[in-house]
């Protein structure tokens, strides 16, 4: 009986440790669907100005949409999503806009964001040089996504 219990316990332990599968990195969806809504405020993405975000959930393949860099970064900091296998993308602010992995983006925080796009937000750029050029014109500060604190996001 002990041998059966020990074998069963060992099998359960090995099964629980079978998390060695690499997370699948899903590509960004090329276009935003007409019916896409922000995860938090349910605003239509096509109804708001500024950069957009998307999170591709590795396990389900589902795409979660965001109407701003701020809401995307907030989602990534939530305890319930922090350890999920996912891939996050942000649309760049400089034309032509394209999807960029959020970890590769350079963000500009400027007091002029409400004047520029009608809301407080961060402006994502694909390079530090592009971000710095925008920051110089708009009295902004260049940051990496990891440098934007939970307090900055209002968490």
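In the numbering used here, the protein residues as written are -16 to 138.
Don't be surprised by glycine CBs; every beta carbon is placed ideally from N, CA and C.
Limits of the beta strand (DSSP E) - the one that residue i falls within
i          : result
residue 71 : 69 to 74
residue 46 : 46 to 49
Simplified DSSP assignment, three categories, for residue i
i           : result
residue 26  : coil
residue 146 : Lying before the first or after the last residue shown, residue 146 is absent from the chain, which here runs from -16 to 138.
residue 129 : helix
residue 57  : helix
Segment limits, alpha helix (DSSP H) that includes residue i
i          : result
residue 39 : Where residue 39 is concerned, there is no enclosing alpha helix (DSSP H), although the beta strand (DSSP E) it sits in stretches over 36 to 40.
C-beta atoms of residue i and residue j nearer than 7 Å
i           : j           : result
residue 75  : residue 108 : yes
residue 60  : residue 133 : yes
residue 41  : residue 83  : no
residue 85  : residue 73  : yes
residue 131 : residue 56  : yes
Report yes or no: do three or more beta-carbon pairs, one from the segment 86 to 106 and one from the segment 8 to 28, lie closer than 8 Å?
The segment 86 to 106 is not in contact with the segment 8 to 28.
Tell me, please, whether the segment 103 to 123 touches the segment 28 to 44 by the rule of three or more beta-carbon pairs shorter than 8 Å.
At 8 Å Cβ cutoff, the stretches touch.
Which whole runs of the alpha helix (DSSP H) in the segment 83 to 126 are 4 residues long or more, in chain order?
You should have 96 to 100 and 111 to 120.
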